[in-house]
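Read the structure below first, then the notes.
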Ligand code: OGA
Ligand code: NI
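Residue numbers (my numbering): 5 to 361.
Have a look at this one:
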């Protein structure tokens with residue numbers, strides 16, 4: 005496999021229309037390929053009332069200070085061991101900047117199709133603008149269009165996919181990408197300390213050749229939120245994912261104790277979730293949550309996920325100190341988890357099971 009290639013799943017054929025184009029066609033009909041039957045949507049009715057998930061708010065400033073962080077560390081540990089996510093506040097990025105970032109994303113997706121298609125991804129590759137890949141004949145498709153961009157390492161960026169419209173898009177996204185490594189380091193160190201480990205334990209495995217990939221998700225208005233999902237149930241193949249949610253429109257749900265919960269919006273917070281690779285490093289103590297996205301019949305929704313991924317050559321395995329008689333080793337050593345992830349995902353299996361001993 006080519007070095008740092010973002011993985012090349014086998015795509016059967018391109019889709020003729022983006023979801024945004026489908027959504028613009030009048031009427032209440034949704035193409036068959038988007039419709040979930042009750043047994044494959046992750047369980048239960050999609051238009052049921054759902055309880056709200058209690059996602060702890062964690063102050064990153066407090067986490068960063070080794071002296072005053074005790075209570076915050078405990079909050080972090082308990083959140084990541086139960087629901088697998090936190091709302092991170094005091095992360096050092098101003099509200100004004102996050103508003104601008106959301107605004108340039110909104111402006112991009114509001115451009116005419118022809119303009120956006122200048123940045124279209126190519127068949128079989130992930131980067132660029134487009135919709136769900138058709139990987140299997142019976143796959144039910146996600147009601148979302150995406151703009152997928154490698155942020156780092158910088159020399160792996162493919163600028164031809166980076167919008168020049170709106171004019172400030174590249175600069176703002178670049179600026180955002182420069183702010184994230186600090187946040188990631190604070191998190192990885194605090195996570196280790198919260199488990200009484202030497203603070204570089206996770207950072208060392210995460211490595212200094214890691215990749216950050218941005219995925220802008222655009223969820224058009226959908227006439228049938230009772231039958232269609234924005235994103236089907238999955239766990240992230242990252243080590244950590246940083247999600248900037250839409251400020252007004254909710255839709256994200258997390259599966260906990262076999263029940264779907266709505267994830268609340270905390271304005272200006274970054275929603276941080278554990279990905280499979282961190283679950284492996286913690287030997288299952290931190291949970292990589294299964295999540296999905298509902299659609300909305302009244303409002304569009306835009307989010308920005310950044311996936312933080314160790315280099316494909318980097319070996320990932322449970323930290324020795326977390327294994328003992330009561331907590332036997334659960335996962336084997338894995339490399340290039342993202343490729344493994346896609347092989348399993350295409351077969352409709354839960355990818356982390358590929359790493360189980
Ligand atoms: C993802 C994801 C959630 C959202 O991009 O992997 O889960 O709310 N996104 O857009
Ligand atoms: Ni996800």
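Think of the CB as a built atom: it goes at the ideal place given N, C-alpha and C, for glycine as much as any other residue.
Cβ neighbours of residue 113 in the same chain (closer than 6 Å, five flanking residues each side left out): Taking the first residue of the chain shown as position 1, residue 113 is located at position 109. If we look at residue 113 and ignore the five residues flanking it on each side, its Cβ neighbours are 222.
How would you label residue 283, buried or exposed, when you count the other beta carbons within 10 angstroms and need 16 or more for buried? In the chain shown, residue 283 corresponds to position 279, counting from 1. So residue 283 counts as buried.
Check whether the stretch 83-99 and the stretch 272-291 touch, using three or more Cβ-Cβ pairs below 8 Å as the test. Yes, since at least three Cβ pairs between the stretch 83-99 and the stretch 272-291 fall closer than 8 Å, the two stretches touch.
Exposed or buried, residue 200, counting other C-beta atoms within 10 Å across all chains shown (16 or more means buried)? In the chain shown, counting from the first residue as 1, residue 200 sits at position 196. Of the residues assessed, residue 200 falls on the exposed side of the cut-off, its CB having fewer than 16 other CB atoms within 10 angstroms.
Note the first and the last residue of the continuous beta strand (DSSP E) segment covering residue 156. On the chain shown, position 152 is the one that residue 156 refers to. Where residue 156 is concerned, the enclosing beta strand (DSSP E) stretches over 149-156.
Separation of residue 325 from residue 104, as counted between CA atoms: Counting from 1 along the chain shown, the entry for residue 104 is found at position 100. Counting from 1 along the chain shown, the entry for residue 325 is found at position 321. Taking the straight line joining both Cα atoms gives about 43 Å.
When you compare the CB positions of residue 350 and residue 139, do they come within less than 7 Å of one another, or not? In the chain shown, the residue the question calls residue 350 occupies position 346. In the chain shown, the residue the question calls residue 139 occupies position 135. In terms of Cβ geometry, residue 350 and residue 139 form a close pair [threshold 7 Å].
What does DSSP give as the partner residue(s) for residue 89 in the beta ladder? In the chain shown, the residue the question calls residue 89 occupies position 85. Bridge partners of residue 89: 277.
Out of 289, 259, 296, 214, which has the shortest C-alpha to C-alpha gap to residue 242? Reading the chain shown from its first residue, position 238 is the one you call residue 242. Of the candidates 289, 259, 296, 214, the one whose C-alpha sits nearest the C-alpha of residue 242 is 214.
Are there any heavy atoms of the ligand NI lying less than 6 Å away from the beta-carbon of residue 136, as far as the coordinates show? Within the chain shown, residue 136 is the residue found at index 132, counting from 1. No, the ligand NI has no heavy atom inside 6 Å of this Cβ.
Who's in the neighbourhood of the ligand NI, going by beta-carbon under 7 Å from any heavy atom, listed in chain order? Look at which beta carbons fall closer than 7 Å to any heavy atom of the ligand NI; those residues are 235, 238, 240, 245, 295, 309.
Compute the distance between the beta-carbons of residue 250 and residue 306, then report whether it is under 7 Å. Looking up residue 250 in the chain shown gives position 246. Looking up residue 306 in the chain shown gives position 302. With respect to the 7 Å criterion, residue 250 and residue 306 are classified as neighbours on the basis of their beta carbons.
Do you know how far the Cα of residue 334 is from the Cα of residue 234? Here residue 234 is taken as the residue at index 230 of the chain shown, counted from 1. Here residue 334 is taken as the residue at index 330 of the chain shown, counted from 1. Spanning the two alpha carbons is a distance of roughly 32 Å.
Can the beta-carbon of residue 224 be found less than 7 Å from the beta-carbon of residue 304? Residue mapping note: residue 224 aligns to position 220 of the chain shown, counting from 1. Residue mapping note: residue 304 aligns to position 300 of the chain shown, counting from 1. Yes, Cβ-Cβ distance for residue 224 and residue 304 is below 7 Å.
Measuring straight from C-alpha to C-alpha, what distance separates residue 323 and residue 182? By one-based count along the chain shown, residue 323 stands at place 319. By one-based count along the chain shown, residue 182 stands at place 178. If you draw a straight line from the Cα of residue 323 to the Cα of residue 182, it comes to about 29 Å.
Whether or not the stretch 166-173 and the stretch 255-264 are in contact is what I'm after, with contact meaning three or more pairs of Cβ atoms, one per stretch, closer than 8 Å; do they touch? Touching, no, given that fewer than three Cβ pairs across the two stretches are closer than 8 Å.
Quick check: what's the CA-CA separation for residue 301 versus residue 361? Here residue 301 is taken as the residue at index 297 of the chain shown, counted from 1. Here residue 361 is taken as the residue at index 357 of the chain shown, counted from 1. Using only the alpha carbons, I get a separation of about 44 Å.
Start-to-end residues for the beta strand (DSSP E) that takes in residue 194: In the chain shown, the residue the question calls residue 194 occupies position 190. Counted as a single uninterrupted DSSP element, the stretch harbouring residue 194 is not any beta strand (DSSP E) but the alpha helix (DSSP H) occupying residues 173-198.
On the DSSP bridge assignment, give the partners of residue 134 in chain order. On the chain shown, position 130 is the one that residue 134 refers to. Paired residues: 150.
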